[in-house]
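One structure is given below, encoded as structure tokens.
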Amino acid sequence: MKLIYFDNAATTPMDLMVVEKMSEVMKTVFGNASSVHSLGNIARDSIENSRLQIAELLNISTSELFFTSGATEAINTIIFGAVKALSVEHIISSKLEHAAVIEAIKEVQYENKIEVSNVNFDEKGQINLLHLKQLLSTPRKTLVCLMHVNNEIGNILPLTEVANICKENNALFFSDTVQSVGKYKKIPLSILDFAVASAHKFHGPKGVGFMYINSRNKIPPLLKGGHQERNMRSGTENLAGIVGMAEALQLAFDNIDKDAKYILDLKNLLVEKLSSEIPDLVFNGDKDGHYSILNIGLPKISHNSMVINNLDVNGIAVSGGSACSSGVMSISHVIVNLNKAEKFLPIRISLSKYNTVDEINTFVNVLKKY
Ligand code: PLP
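Numbered per the numbering used here, the sequence shown finishes at 784, counting up by one with no gaps.
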């Protein structure tokens, strides 16, 4: 049975060209980039060339780009660092953020006794910008943490508008851009204070990502040690991972228009078929948000509660909530906060360039049995 993989917001299969590039690096470049001999210099060059390549693609300066073990580490570095060094007294976020942001804020609030406010959103999960402005109206140093693309429902935050609101109110703006980097060509990173990315979301390797820190902000590192990454992230660099991430981002940018259209066509077909074949389903969040993410709810009274497992048995991988490291699938906090968890079984379908029309047809045919 050929597996149908519809869980690309959790992680994407690696592009084989990235695998090739990485294995070439792993076979030939083994030096430590901090070593002063020529093998070290070759490793250093590979890292700095990757930094330049990524910075150019994203239209930012190389001095604003710091490699990490992924987005979770980058998010923690930014939130803890901003509170520590930039006199943050207040954080504004939302209950729809990724767990890495929610948990880091909880911890930083506990340790520093700062105030945390959650911005309101409507029944589709759209952030209420009027409420954001109201929350910013008390003059005190505030860090706004709002994600660009929601990983569960695909909603897109109007990044420029929020950045302008933050600027007018002298607030710092950190956006979790994990689900948009490599998916959109023109993300205006330089109008943000902080952003993050993770290579495994755009057909790159796991365990590598980066943080964007606007040059006007100086924050301390989370990890202390050998002063790598211009003292922003100690630890020997993941050389093959960094090179693989640069290659994956390059491939994503080279094909973005073609791939985005292809995936959007698949999503539109999926919406159309689901609406006609399973008329009692609802769409969670903004179904017209991100082109690769669709979240649906099946009424519990008329559908099988084991639907995700049944799909899995049929060789179809989707998500019912966020992937959980403990192996226990808990109901998604995003769906719970949208008040959709009680009556509906949520299913997130997230697509990639490797999916096909046949897979969409098979999925709908299997799903309607449950
Ligand atoms: N933020 C969002 C929106 C995500 O989707 C993820 C991945 O699930 C993360 C953060 C964490 O990324 P990483 O796996 O690199 O730690």
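Beta carbons: idealized from backbone N, C-alpha and C, even for Gly.
Query raised in the report: Under a criterion of Cβ closer than 6 angstroms to any non-hydrogen atom of the ligand PLP, which residues qualify, in chain order?
Result: Here the list is G484, A485, T486, H512, A514, M561, N565, D590, V592, Q593, S612, G623.
Requested in this report: Let me know if R465 comes out buried or exposed under the rule of 16 or more other beta-carbons within 10 Å of its beta-carbon.
Outcome: The residue given as residue 465 occupies position 51 in the sequence shown. When all chains shown are included, R465 counts as buried.
Report task. My understanding is that F616 touches I492, with C-beta atoms under 8 angstroms, so please give their C-beta distance in whole angstroms. Result -> The residue labelled residue 616 in the question sits at position 202 within the sequence shown. The residue labelled residue 492 in the question sits at position 78 within the sequence shown. Wrong, their Cβ atoms sit about 20 angstroms apart, outside the cutoff.
Query raised in the report: DSSP state of M431, grouped into three classes?
Result: Locating residue 431 in the sequence shown gives position 17, counting from the first residue. Here M431 sits in helix by DSSP.
**Report entry** Exposed unless 16 or more other CB atoms sit within 10 angstroms - verdict on R647
**Finding:** The count along the sequence shown starts at 1 and reaches residue 647 at position 233. R647 should be labelled buried.
Query raised in the report: Are the Cβ atoms of I715 and V610 separated by less than 8 angstroms?
Result: One-based indexing of the sequence shown puts residue 715 at position 301. One-based indexing of the sequence shown puts residue 610 at position 196. Note that the C-beta distance between I715 and V610 is not below 8 angstroms.
Query raised in the report: Going by the beta-carbon positions, is the gap between L683 and I761 smaller than 8 angstroms?
Result: The sequence position of residue 683 within the sequence shown is 269, counting from 1. The sequence position of residue 761 within the sequence shown is 347, counting from 1. It is not a contact, given that the beta carbons lie outside the stated cut-off.
**Report entry** Nearest candidate by alpha-carbon position, reference K597, set L500, A731, I677
**Finding:** Here residue 597 refers to the residue found at position 183 of the sequence shown. Nearest option by C-alpha distance: I677.
Query - Neighbourhood of A755 by C-beta, 8 angstroms cutoff - its chain only, sequence neighbours within 5 removed - result: Against the sequence shown, residue 755 aligns to sequence position 341. Excluding residues within five positions, the ones whose Cβ falls inside 8 angstroms are I745, S746, I749.
Query raised in the report: Helix or strand or just coil, what does DSSP make of V530?
Result: What you label residue 530 is simply residue 116 of the sequence shown in a count that begins at 1. Three-state DSSP puts V530 in a strand.
Query raised in the report: Under a three-way DSSP split, which group does A737 fall into?
Result: Position 323 of the sequence shown holds residue 737. Because A737 sits at a pLDDT of 49, beneath the cut-off of 50, its placement in the model cannot be relied upon, and the point is left open.
Requested in this report: Select from I474, F777, D459 the residue whose C-alpha is nearest the C-alpha of M625.
Outcome: Counted from its first residue, the sequence shown places residue 625 at position 211. For the residues I474, F777, D459, the minimum Cα distance to M625 belongs to I474.
Requested in this report: Check whether the region 496–505 touches the region 523–543, taking contact to mean three or more Cβ pairs, one atom from each stretch, closer than 8 angstroms.
Outcome: yes
**Report entry** N- and C-terminal bounds of the alpha helix (DSSP H) containing S507
**Finding:** If you number the sequence shown from 1, residue 507 lands on position 93. Premise fails: S507 lies in the beta strand (DSSP E), 504–507, not in any alpha helix (DSSP H).
Query raised in the report: How is the beta strand (DSSP E) around N709 delimited, first residue to last?
Result: As a first step, residue 709 is located in the sequence shown; it is residue number 295 there, counting from the start. 707–713 is the extent of the beta strand (DSSP E) around N709.
Requested in this report: Take M436 and list the residues in its own chain whose beta-carbon comes closer than 6 angstroms to its own, dropping the five residues that flank it on each side.
Outcome: If you number the sequence shown from 1, residue 436 lands on position 22. Once the five neighbours on either side are set aside, the close Cβ partners of M436 are A654, G658.
Requested in this report: Just confirm the distance between the C-beta atoms of V622 and I670, as a whole number of angstroms; I'd bet it's less than 8 angstroms.
Outcome: As a first step, residue 622 must be located in the sequence shown, where it is residue number 208. As a first step, residue 670 must be located in the sequence shown, where it is residue number 256. The pair is not a contact, with the Cβ atoms about 20 angstroms apart (cut-off 8 angstroms).
Report task. Grab me the residues of E575's own chain with a C-beta within less than 7 angstroms of its C-beta, minus the 5 sequence neighbours each way, in chain order. Result -> Locating residue 575 in the sequence shown gives position 161, counting from the first residue. L543.
Requested in this report: Leaving out five residues on either side along the sequence, give the residues of the same chain with a beta carbon under 7 angstroms from the beta carbon of D673.
Outcome: Position 259 of the sequence shown, counted from the start, is the residue given in the question as residue 673. These residues qualify, in order along the chain: K767.
**Report entry** Nearest-angstrom Cβ-Cβ length linking F758 and L712, presumed shorter than 8 angstroms
**Finding:** Within the sequence shown, numbered from 1, the residue matching residue 758 stands at position 344. Within the sequence shown, numbered from 1, the residue matching residue 712 stands at position 298. The pair is a contact, with the Cβ atoms about 6 angstroms apart (cut-off 8 angstroms).
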